[in-house]
Amino acid sequence: MAELAGDLPGELVTEILDRLPVESLLRCRSVSKRWRGIIDSRDFVRSHLARSFESTANLTLFFRHSSSLYCIDLTSLLRHGGVAEMNYPLMCYSDQIRVLGSCNGLLCISNAADDVVVWNPATRKHKFLPYSAVEVRRSSVFSVCVYGFGYDERRDDYVLLRLVQLVTEPIESEVSIYSLKDNAWRRLKDMPYSLVYPRKMGVFVCGHLHWIMTRELVSDSANLLVAFDFRIEDFKVVDQPEGIDNKLDMDLSVLGGCLCLSINGNHMGVHVWIMKEYGLRDSWTKLFSIPQSEVARPLGFVRPLAYASNGRQVLVRQDSKNLILYDLETKGMERVDINGMPNSFEAEICLRTLVSVDDYGGYTKKKQQEAEEIENRTKR
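For the sequence shown, UniProt numbering assigns the number 1 to the initial residue and increments by one for each residue that follows.
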């Protein structure tokens, strides 16, 4: 293999490698120093990442239940394969971890002690974030904390945004941002909005993180689609589809690289919209609706996760208990049963990529030692 690798022109080698899945590329790194150099180069990683967006073959579905993480690639899931439990590089001090977000193959997770790690499950490389205290006023009775994880293309940097909201009147908040490249947190100006769903993390699309918010801390306020723009490091309101009832339950996700809005009309069924061209209100298109008459009970929250390879079906998470395949042509629904799945779960789609956290700043020594101890124990 090594002799054959040396005989091939460099451009041809790169073109062949660029079409391989991550698992094969990791094995190919041992073929020769030349191949390893190609695969590890930033240009190749970017090229392979761009190609990964063009297919569902590199999509992995992660399930979180309590302190456990499970994964299965999308192709195996649709063939009713089984999930595998993941060994993640984080100490678990309780029965709970949180998935803070996913972007370009990097998964961001935290534990009850607020340790945060950015991790590439495909390459098993990871980086712990430095601790950053929340400056919550002692007089505040209650606060909520959510995160959003994304990529700042302008700076070629991965960013974690933390929103802490104090349940007070008037609304008070604390906004902090972490740069993977700088390996540092910094404080931003407060946001003039109130989180509607205090457990939902930000949804990253086109250089923006998105949440459903309101202007006032009252139950009947109109829902707003609010985005944090990495370019200006500030919040702005994104137009919703025209004519919708903005006081119904809403959920956000990413579908095929587009911002996706799911609206639960209680006894009116579920309606799913996608913004085909980001930032253009007229590009909002209703993808599908599920009338309440077609289900035995209210569907609850419906979150589209991914298109099937045929582009005709959409994998949907219903509440935290079921996965459903919705056929866009026949409008039929099929439940997806997976071996080894927990009874309740959160689901997150993640690409399998070569994006490396090693290219952005350094590790904190103490956390790296803890991670190595965990890895050594799992190998025994």
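Glycine residues also receive a C-beta, built at the ideal position from the N, C-alpha and C atoms. Quick caveat: nothing in here was measured; it's all calculated off a predicted structure.
Taking residue i and residue j to be in contact with their CB atoms under 8 Å, please state how far apart those CB atoms are, rounded to whole angstroms.
i	j	result
G269	S289	6 Å
A347	T56	Contact flag wrong, Cβ pair sits at about 15 Å.
I72	I338	7 Å
V316	R303	7 Å
Y193	T214	7 Å
D229	H210	No, D229 and H210 are not in contact; Cβ-Cβ is about 10 Å, not under 8 Å.
V146	L195	6 Å
L180	D157	6 Å
L59	I349	6 Å
residue 382	D359	Within the shown structure, residues of the chain are numbered from 1 to 380, placing residue 382 beyond reach of any answer.
R46	R154	The pair is not a contact, with the Cβ atoms about 15 Å apart (cut-off 8 Å).
residue 381	E85	Any question about residue 381 goes unanswered here, given that the chain covers just 1 to 380.
Taking a contact to mean a Cβ-Cβ separation below 7 Å, would you say residue i touches residue j in this structure?
i	j	result
R64	V22	no
V355	K127	no
T353	N104	yes
C258	I274	yes
S143	L166	yes
L160	E233	no
W284	P241	yes
V118	L106	yes
I38	T14	yes
F235	M191	yes
C206	Y278	yes
L61	L77	yes
Between residue i and the rest of its own chain, which residues show a CB-CB distance below 6 Å, the 5 nearest in sequence each way excluded?
i	result
S344	S320, K321
Q368	In this predicted model, Q368 has a pLDDT of only 47, less than 50, meaning its place in the structure is not dependable enough to derive any value.
W185	S132, S176, Y178
E172	L166
A296	For A296, the predicted structure reports a pLDDT of 49, less than 50, and the residue's modelled location is therefore unreliable. The matter cannot be settled from this model.
S102	E348, C350
P9	none
R162	Y147, S176
R380	Low local confidence applies: a pLDDT of 45 at R380 is under 50, so the model's placement there is unreliable, with the coordinate-based value given in what follows. Here the set comprises nothing.
S309	T56
R281	D239
Give me whichever residues DSSP pairs with residue i in a beta bridge.
i	result
D157	D152
L261	L252, W273
R317	R303, L323
A347	F63
E334	L325
I290	V270
T56	T56 pairs with nothing; no bridge assigned.
S132	According to DSSP, S132 bridges with nothing at all.
T75	Partner(s): none; T75 has no beta bridge.
G101	C108
S143	L166
Y197	Note: Y197 sits in no beta bridge, so no partner.
F204	L209
F228	L209, F235
A184	S179
V118	C108, K127
N84	Correcting the residue type first, residue 84 is Ala in the shown sequence and not Asn. According to DSSP, A84 bridges with C71.
E174	V164
N339	G82
W284	M275
T14	DSSP, once it has assigned bridges, lists no residue as partnering T14.
G214	Before going further, note that residue 214 is Thr rather than Gly in the sequence given. Bridge partners of T214: S194.
Only counting the same chain, and skipping five residues up and downstream in sequence, which positions put a Cβ closer than 7 Å to that of residue i?
i	result
A2	Here the model assigns A2 a pLDDT of 48, short of 50, so the residue's position is not dependable, and the following value carries that caveat. Hits under 7 Å: V31, S32.
S66	D95, Q96
E11	none
A222	T214, N246, K247
Y197	I212
V164	V134, V136, S143, C145, S173, E174
Within the same chain, show all residues whose beta-carbon is closer than 8 Å to that of residue i, passing over the 5 residues directly before and after it, in chain order.
i	result
Q313	Y307, L325, Y326, D327, L328
L287	L255, C260, V272, W273, I274, P304, V314, L328
V83	F63, Y70, C71, I72, I338, N339, G340, M341
R51	D18, R19
F44	T14, L17, D18, I38, L354
L49	N104, G105, L351, T353, L354, V355
The region 194-203 touching the region 121-138, judged by at least three CB pairs closer than 8 Å: In short, these stretches do not touch, since the Cβ pair count stays below three.
Contact the region 103-111 vs the region 84-94: 3+ CB pairs below 8 Å: Result yes; three or more Cβ-Cβ pairs closer than 8 Å.
The region 171-180 touching the region 236-254, judged by at least three CB pairs closer than 8 Å: no
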